[in-house]
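J.: Structure in structure tokens, see below.
Protein chains: 2
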Amino acid sequence: MIYNMLNKNSSEDTLRSLGLMTLGSRLKRLGERLQAEVQPILSELAPPVAAGQHPLLAALSKHGALTVGELAALLGVAQPGITRAVGQLAGIGLVAVTTAAEDGRRRLVSLSPDGVAFVAAAREGVWLRVEKAVADLCAGFGDELLAHIGSIEDGLARKPLTARAVEERQDDLA
Amino acid sequence: MIYNMLNKNSSEDTLRSLGLMTLGSRLKRLGERLQAEVQPILSELAPPVAAGQHPLLAALSKHGALTVGELAALLGVAQPGITRAVGQLAGIGLVAVTTAAEDGRRRLVSLSPDGVAFVAAAREGVWLRVEKAVADLCAGFGDELLAHIGSIEDGLARKPLTARAVEERQDDLA
DNA sequence: GCTATTTATATAACATGATATATAACATGT
DNA sequence: ACATGTTATATATCATGTTATATAAATAGC
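Here the protein sequences come in this chain order: A and B. For the first sequence, position 143 matches number 143 in the UniProt record's numbering, and the numbering has no gaps at all. For the second sequence, position 55 matches number 55 in the UniProt record's numbering, and the numbering has no gaps at all.
Dropping the structure here:
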């Protein structure tokens, strides 16, 4: 019976065996795994910043001051998450927040001087190392993978999944 | 200026432009997006079950009764998450939990009669429709994408990311 | 100018990942 | 038989996604 126990599931992966039916769960799991593995590398640059917040800093560096809503749109996440992340980054002094002059509702988020230095150092150091490590992991098919991901994202924007499944049902009725 | 605002970021995606450096964040985002889009389809089968919990039911259906630890290993997630999910599924009557006879620490989780019927119906209905919708979304490259994902998962198991980045640093020192 | 509607964002609440730890059961060694 | 170490799992805590909503500012329409 101990033999059965070990054989039963010692190296099986249910998500893998379920294929495209659980693609979302599998991508999420792998994404979280990668973020967790990348975190120690990123944290070598002080102050430690969550892996998921580095793109926010990169967006500010690239575009200059942005509103909460703009950041949410650029990063493809919900607004309250950005509010929270910005609050945390402001707390450690990497970003500064002001109220937009032309619209009192808008909050303008920008890199602080410390934030500017942080991003510059990250570009030359940890970001580069992370990219290389991930490229090594992808063993040459990185570009192809990114293209597939892009294609799925574009496909979802064009036509949501529920619309694809609805058509399937109509086919069944015919 | 309104023109500038719109042009600034109307369709740009920071994660996409950052490429492999933010692969984890991007995979996580897409995975959560897919789970969210799949949820309404799955919820057509009563009772509603979270997208992330369907694989747990599939694992029980395939392997029979499993312990909490075995489920965590099969699904590649942490044990407390399984404890919670099992509690929820037991709450809606799809799984049953007993104590293993040969080891009083182990909890044996199995599909209830309602759970067996649920899985059977899902197999013929919503799981099939989800798989087809996702395959449609992948536009023919589904198998290739799954292979890439598998390769990354295997690559992480063989050699963690931090080990890959460490070697990079040693190269820099030389 | 006033009213109704829309918009930007903070806040609340919740779901779902994780790590850490307490507790009990089991295994090992003397 | 007893002490020590290991293991399975519930529980606590936290981080990070989300949706919903309240509040204030801005916009649209008359």
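We put the beta carbon where it would ideally sit given N, CA and C, even for glycine.
Is the number of C-beta pairs between the segment 58-77 of chain B and the segment 107-118 of chain B that are closer than 8 Å three or more?
T.: They touch, by the three-pair rule.
J.: State the start and end residues of the unbroken beta strand (DSSP E) segment that holds Ser110/A.
T.: Start and end: 107-111.
J.: Could you tell me which residues DSSP pairs with Val95/B in its beta bridges?
T.: Answer by DSSP bridge pairing, in chain order: Leu111/B.
J.: Taking its Cβ as the centre, do 16 or more other Cβ atoms sit within 10 Å of Pro55/A, making it buried, or is it exposed?
T.: Buried.
J.: Using the three-state DSSP reduction, which class does Leu30/A fall into: helix, strand or coil?
T.: Leu30/A: helix per DSSP, three-state reduction.
J.: Would you please verify whether the beta carbon of Thr98/B is less than 8 Å from any beta carbon of chain A?
T.: With 8 Å as the cut-off, Thr98/B does not count as an interface residue toward chain A.
J.: Nearest chain A C-beta to Arg29/B closer than 8 Å, yes or no?
T.: Cβ-Cβ to chain A under 8 Å: yes for Arg29/B.
J.: Beta carbon of Ile149/B, beta carbon of Leu18/A: below 8 Å?
T.: Result no, Cβ atoms of Ile149/B and Leu18/A do not sit closer than 8 Å.
J.: What are the boundary residues of the alpha helix (DSSP H) that includes Thr22/A?
T.: No alpha helix (DSSP H) holds Thr22/A; DSSP gives it neither H nor E.
J.: If you pair each beta-carbon of the segment 68-86 of chain A with each one of the segment 27-47 of chain A, do three or more pairs fall below 8 Å?
T.: Not touching, per the Cβ criterion.
J.: Compare the C-beta of Arg16/A against all C-beta atoms of chain B and say whether one is closer than 8 Å.
T.: Answer yes: the Cβ-Cβ gap between Arg16/A and chain B drops below 8 Å somewhere.
J.: For my contact list, residue 192/B and Ala51/B are in at a C-beta cut-off of 8 Å; report their separation, rounded to the angstrom.
T.: Look at the range of chain B in this structure, 1 to 174, and you will see that residue 192/B is not part of it.
J.: Look at the alpha carbon of Gly24/B and the alpha carbon of Glu131/B, and state the distance between them as a whole number of angstroms.
T.: Gly24/B and Glu131/B: Cα-Cα distance of roughly 23 Å.
J.: Sort Arg33/B, Asp103/B, Thr14/B, Ser61/B by Cα distance to residue 183/A and report the nearest one.
T.: Look at the range of chain A in this structure, 1 to 174, and you will see that residue 183/A is not part of it.
J.: Could you have a look at Leu66/A and say whether DSSP puts it in helix, strand or coil?
T.: Three-state result, Leu66/A: strand.
J.: Against chain A, with Cβ distances strictly below 8 Å, would Gln35/B count as a contact?
T.: It does; some Cβ of chain A falls within 8 Å.
J.: Give a yes or no on whether the minimum CB-CB distance between residue 182/A and chain B is below 8 Å.
T.: Beyond the ends of chain A as shown, which are 1 and 174, falls residue 182/A; an answer cannot be given.
J.: Using the rule of at least 16 other Cβ atoms within 10 Å of the residue's Cβ for burial, across every protein chain shown, is Gln79/A buried or exposed?
T.: The residue is exposed, with fewer than 16 neighbouring Cβ atoms inside 10 Å.
J.: Give the single residue among Gly69/A, Ile152/A, Ala135/A whose Cα lies nearest to the Cα of Ala165/B.
T.: Considering only alpha carbons, the answer is Ala135/A.
J.: So, with DSSP's three-state summary, where would you put Glu153/A?
T.: Three-state result, Glu153/A: helix.
J.: Does the CB of Ile82/A have a neighbour CB from chain B at under 8 Å?
T.: No, Ile82/A lies away from the interface with chain B (no Cβ there is under 8 Å from its Cβ).
J.: Against Gly24/B, what residues of chain A qualify as contacts under a CB-to-CB distance less than 7 Å, listed in chain order?
T.: Result: Gly31, Leu34, Gln35, Val38, Ala51.
J.: Do Gly142/A and Leu20/B come within 8 Å of each other at the CB atom, strictly closer than that value?
T.: Closer than 8 Å, so yes.
J.: Residues of chain A with CB under 8 Å from Phe141/B, in chain order?
T.: Within 8 Å Cβ-Cβ: His148, Ser151.
J.: Give me the residue from Ala139/B, Ala120/B, Gln53/B with the minimum Cα distance to Ile152/A.
T.: Looking at the Cα atoms, Ala139/B is the closest of the given residues.
J.: By Cβ distance, which residues of its chain are closer than 7 Å to Thr162/B, with the 5 residues on each side in sequence left out?
T.: If we look at Thr162/B and ignore the five residues flanking it on each side, it has no Cβ neighbours.
J.: Give me the residue from Val116/B, Gly93/B, Glu32/B, Leu71/B with the minimum Cα distance to Ser11/A.
T.: Checked all of Val116/B, Gly93/B, Glu32/B, Leu71/B; the closest Cα to Ser11/A is Leu71/B.
J.: How about Leu27/A and Leu27/B: are their beta carbons less than 8 Å apart?
T.: For Leu27/A and Leu27/B, yes; Cβs fall inside 8 Å.
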